[in-house]
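2 protein chains.
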Amino acid sequence: MTRPTIHDVARAAGVSLSTVDRVLNDRDGVREKTRSRVLEAIGSLGFERNLAAANLSRKRRYRLCFILPDGQNSFMHALEADLAEEAAAALRDFTVIETRKVPAFDAGALAELLRSLDPETVDGVAMVATDATIVRVAVRELRARGVAVVTLVSDLPGAEKQGFVGIDNVQAGRTAGSLLGRFCRGRTGRIAMVSGSMLVRDHAERRLGFEQVLRTEFPEQTLIAPLEGLDDKDRVRDQLGAQLAADPEIIGVYSMGAGNRGVAEALVGLPAGRDVSVVVHELTPYSREALLDGTFDAVLHQNSRREVQGAIQLLRSLLDAQFPPLFVQPIPVEIYLRDNLP
Amino acid sequence: MTRPTIHDVARAAGVSLSTVDRVLNDRDGVREKTRSRVLEAIGSLGFERNLAAANLSRKRRYRLCFILPDGQNSFMHALEADLAEEAAAALRDFTVIETRKVPAFDAGALAELLRSLDPETVDGVAMVATDATIVRVAVRELRARGVAVVTLVSDLPGAEKQGFVGIDNVQAGRTAGSLLGRFCRGRTGRIAMVSGSMLVRDHAERRLGFEQVLRTEFPEQTLIAPLEGLDDKDRVRDQLGAQLAADPEIIGVYSMGAGNRGVAEALVGLPAGRDVSVVVHELTPYSREALLDGTFDAVLHQNSRREVQGAIQLLRSLLDAQFPPLFVQPIPVEIYLRDNLP
DNA sequence: CCAGTGCTGATAGACGTCTATCAAAATTTG
DNA sequence: CAAATTTTGATAGACGTCTATCAGCACTGG
Numbered sequence: 001m002t003r004p005t006i007h008d009v010a011r012a013a014g015v016s017l018s019t020v021d022r023v024l025n026d027r028d029g030v031r032e033k034t035r036s037r038v039l040e041a042i043g044s045l046g047f048e049r050n051l052a053a054a055n056l057s058r059k060r061r062y063r064l065c066f067i068l069p070d071g072q073n074s075f076m077h078a079l080e081a082d083l084a085e086e087a088a089a090a091l092r093d094f095t096v097i098e099t100r101k102v103p104a105f106d107a108g109a110l111a112e113l114l115r116s117l118d119p120e121t122v123d124g125v126a127m128v129a130t131d132a133t134i135v136r137v138a139v140r141e142l143r144a145r146g147v148a149v150v151t152l153v154s155d156l157p158g159a160e161k162q163g164f165v166g167i168d169n170v171q172a173g174r175t176a177g178s179l180l181g182r183f184c185r186g187r188t189g190r191i192a193m194v195s196g197s198m199l200v201r202d203h204a205e206r207r208l209g210f211e212q213v214l215r216t217e218f219p220e221q222t223l224i225a226p227l228e229g230l231d232d233k234d235r236v237r238d239q240l241g242a243q244l245a246a247d248p249e250i251i252g253v254y255s256m257g258a259g260n261r262g263v264a265e266a267l268v269g270l271p272a273g274r275d276v277s278v279v280v281h282e283l284t285p286y287s288r289e290a291l292l293d294g295t296f297d298a299v300l301h302q303n304s305r306r307e308v309q310g311a312i313q314l315l316r317s318l319l320d321a322q323f324p325p326l327f328v329q330p331i332p333v334e335i336y337l338r339d340n341l342p
Numbered sequence: 001m002t003r004p005t006i007h008d009v010a011r012a013a014g015v016s017l018s019t020v021d022r023v024l025n026d027r028d029g030v031r032e033k034t035r036s037r038v039l040e041a042i043g044s045l046g047f048e049r050n051l052a053a054a055n056l057s058r059k060r061r062y063r064l065c066f067i068l069p070d071g072q073n074s075f076m077h078a079l080e081a082d083l084a085e086e087a088a089a090a091l092r093d094f095t096v097i098e099t100r101k102v103p104a105f106d107a108g109a110l111a112e113l114l115r116s117l118d119p120e121t122v123d124g125v126a127m128v129a130t131d132a133t134i135v136r137v138a139v140r141e142l143r144a145r146g147v148a149v150v151t152l153v154s155d156l157p158g159a160e161k162q163g164f165v166g167i168d169n170v171q172a173g174r175t176a177g178s179l180l181g182r183f184c185r186g187r188t189g190r191i192a193m194v195s196g197s198m199l200v201r202d203h204a205e206r207r208l209g210f211e212q213v214l215r216t217e218f219p220e221q222t223l224i225a226p227l228e229g230l231d232d233k234d235r236v237r238d239q240l241g242a243q244l245a246a247d248p249e250i251i252g253v254y255s256m257g258a259g260n261r262g263v264a265e266a267l268v269g270l271p272a273g274r275d276v277s278v279v280v281h282e283l284t285p286y287s288r289e290a291l292l293d294g295t296f297d298a299v300l301h302q303n304s305r306r307e308v309q310g311a312i313q314l315l316r317s318l319l320d321a322q323f324p325p326l327f328v329q330p331i332p333v334e335i336y337l338r339d340n341l342p
């Protein structure tokens, strides 16, 4: 009924409290034989240290640093706002969160920031990654300095981070493909794509999933090479608008990142009879409006609040060296149509 | 940098530790004037009690009871398995979870179980509700005895529970309607519906949302009155099979609850050329298979693991009397197509 | 066998809060 | 104004773990 304590372990192993403590916090000065006796007692009693008591005693604090891209990306703004709220709540659990920003799409700046982080000041880092070797190297060095690292929203495959919190972007792309394919059923034509930048991993992955599905399941449609919008609505509006005007056979648009406002503006400029199905990413005030007025058919969304919570949770469990490591629920891709807006 | 403690509060208010403690745990024997001085100090210092230390000191434990329907509903089985795992993990936070089962669709049995719960043994209850007045009364009595109560998966509107953890079922129904309507685009005909039982709130709500959307957005389709499958796959297969055979104009099926296996079996019996779009609820091994082989077009899903976690979290925060009450993230309706299965 | 290590035990105090008890002070009552 | 009562303060010990220090014991090598 009541959990075993270190006292019980000491008694069961026939050693003193001090020795149990030395084993638990692996300090040296314990013979191998004694150590294993203690570990055995721990195992047979099913002892698990009371984290609350331990943290209380050592005045543990979790100092986390979140690194976000700076810029006009409205999803990132939403994420930052959620982070601010969660940071306030996290204080109650002795978790102090600092937010840093680096220019978007700038791997060098990100790597430099990572290099500047001091393990005396920071225990764990969550970052929206830019995909570059220089960043991978910086991550490895940071880990070597004893700092926990996870990626957030945009992953960094092959790097020595300890986890990723975000949606499965290949799956998101597949979802988009499946929806757009079905929405275009009965018509045959060309599909336009808009990305933020192919330098960001998440967009590259979405494109991959999208093309997979369209090629295999909807071979009657033809894909056009994606535009790079670079989070700039005017650029997106102009380029996509030109593409749509030039090619009357475009019947579908997939926008895989920021720039929804530009997409919507390009579409409202079309002649009345033209029917284009549109799937975009991220629910924002603009995409919401476009969904309601029928300009967009579906919006794929990731819940940034949940992502922030997940990253905090994951970092904390890594810092506690919990075993088994806490299983953080994957973030689902949410799908919004005009009729199920929250 | 470091949080204020009761010592700081005592000093700021010019009273002793004992008095601060009396105020914090509202024991009596404190003059109103003194109390308000202490409260003022708490406010100005921004003091928040260290829950970990408090719980350690009073050996607090959270004794929760989860009430699930018994039967062959495979979503409920999945939920039960998730609950078992989460219960094991929750032990680490001094949360002891007991699982109870009552016959499905049996409001009397549920009410009786609620009545039998002893506040000496249970601090909080999470239940999959059956919608009936007798249950509402039992909930009120339970609350009056000082037990926290939340509903899980299926809500009980108008009852004195302190929260609901589950998806928004009206929205889920709307989503289903929107998807099925779009999938049937270009064809006109009749839509069949299968529910578990209209006595369960979630199915009633899904139907509502579904009909709203179909009536207003897709008036070209005609709705047929729903079959009640009562979680019985054979019954569903027979009744839906008969309906499909008798009415060749049925082009869509919405199944709003258990019985996916029966739905799939009814559909595979159809002649080769017949094209019926199908949307069902809950991702299970059967619905997954049906999605992959093209029998189903979409599956709406709720993440039972997340629901269990949410209910535990919510109950704990209610028992801590936290203010502001913890905001538990709403459970999103997940949408699966053949191409985005996890 | 003696000095120098290495290992182990005992003890004390801390973390922030709770509970209990008793004494002292302040207030009310008669 | 004394007695009764209420309010307040002081103190001690607990919760489970951590850290530090010191003493003693068991080894090892010379």
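If you read the sequences in order, they're chains F and G. Mapping the first sequence onto the UniProt record's numbering, position 136 (from 1) lands on 136, and the numbers just tick up by one. Mapping the second sequence onto the UniProt record's numbering, position 118 (from 1) lands on 118, and the numbers just tick up by one. Glycine included, C-beta positions come from ideal geometry on N, C-alpha and C. Since the model is a prediction, treat every value here as computed from it, not as a measurement.
Query: Stretch pair the segment 175 to 187 of chain F + the segment 143 to 157 of chain F: three plus CB contacts closer than 8 angstroms; Result: no
Query: Neighbour list for G/Ile335 in chain F, Cβ cutoff strictly below 7 angstroms; Result: Ile335
Query: Beta-bridge pairing of G/His301 - partner residues as DSSP gives them; Result: G/Glu334
Query: Cβ shell of F/Tyr254 (< 7 angstroms), same chain only, five flanking positions each side left out; Result: Ala176, Leu180, Ile191, Met193, Phe210 and Val279
Query: Straight-line gap, F/Gln171 to G/Thr2 (C-alpha atoms, nearest Å); Result: 44 angstroms
Query: G/Asp28 - DSSP class collapsed to helix/strand/coil; Result: coil
Query: Nearest candidate by alpha-carbon position, reference F/Asp131, set F/Ala104, F/Asp232 and F/Asn303; Result: F/Ala104
Query: CB contact check: F/Pro342 to chain G, cutoff 9 angstroms; Result: yes
Query: Of the residues G/Pro271, G/Ala129, G/Gly186 and G/Arg185, the one placed nearest G/Lys161, counting alpha carbons only; Result: G/Ala129
Query: Exposed unless 16 or more other CB atoms sit within 10 angstroms - verdict on F/Ala88; Result: exposed
Query: Selection from F/Phe47, F/Asp123, F/Lys59 and F/Glu48 that minimises the alpha carbon distance to G/Ala52; Result: F/Lys59
Query: G/Phe66 and G/Val137 closer than 9 angstroms at C-beta; Result: no
Query: Rounded separation between F/Val299 and G/Asp21 - CA only; Result: 52 angstroms
Query: Alpha-carbon spacing of G/Gly310 relative to F/Val153, whole angstroms; Result: 23 angstroms
Query: Backbone secondary structure at F/Thr295 - three-state DSSP; Result: coil
Query: Cut-off 8 angstroms between Cβ atoms - residues of its own chain near F/Leu319, not counting five sequence neighbours on either side; Result: Tyr62, Asp123, Gly124 and Ala148
Query: Any chain G beta carbon closer than 9 angstroms to F/Thr34; Result: no
Query: Chain-ordered neighbours of G/Asn55 on chain F, where CB pairs are closer than 9 angstroms; Result: Ala52
Query: Beta-carbon separation (whole angstroms), G/Ala258 vs G/Asp231, contact threshold 8 angstroms; Result: 4 angstroms
Query: DSSP three-state assignment for F/Arg306, whether helix, strand or coil; Result: helix
Query: Buried versus exposed call for F/Leu17 [16 or more other C-beta atoms within 10 Å across all chains shown]; Result: exposed
Query: Short CB-CB distance (under 9 angstroms) between G/Asp297 and chain F; Result: yes
Query: Residues sharing a beta bridge with G/Pro69, DSSP; Result: G/Val102
Query: Selection from F/Val150, F/Ala12, F/Leu223 and F/Glu265 that minimises the alpha carbon distance to F/Arg237; Result: F/Glu265
Query: Length of the line joining the Cα atoms of F/Arg174 and G/Leu341; Result: 9 angstroms
Query: Residues that G/Asn303 contacts on chain F, provided the C-beta gap is smaller than 8 angstroms; Result: Gln329 and Pro332
Query: Proximity winner among F/Val213, F/Gly158 and F/Ser74, relative to F/Tyr286 (alpha-carbon distances); Result: F/Ser74
Query: 8 angstroms Cβ cut-off: residues of chain F touching G/Ser178; Result: Leu337, Arg338, Asp339 and Asn340
Query: F/Leu64 (DSSP reduced to helix, strand or coil); Result: strand
Query: C-beta contact flag for F/Met256 and F/Ser195 at 9 angstroms; Result: yes
Query: Per-residue burial, F/Gly43 [other beta carbons within 10 Å of its own, 16 or more giving buried]; Result: exposed
Query: Contact residues within the segment 217 to 231 of chain F, judged by C-beta distance below 8 angstroms to chain G; Result: Glu217
Query: Rounded C-alpha distance that separates G/Met76 from G/Thr151; Result: 14 angstroms
Query: Interface partners of G/Val280 on chain F, CB under 7 angstroms; Result: Those do not exist, as G/Val280 stays about 16 angstroms from chain F at its closest Cβ, beyond 7 angstroms.
Query: F/Leu244 beta carbon less than 9 angstroms from that of F/Leu270; Result: yes
Query: Residue of F/Glu141, F/Arg92 and F/Ala225 minimising C-alpha distance to F/Ser116; Result: F/Glu141
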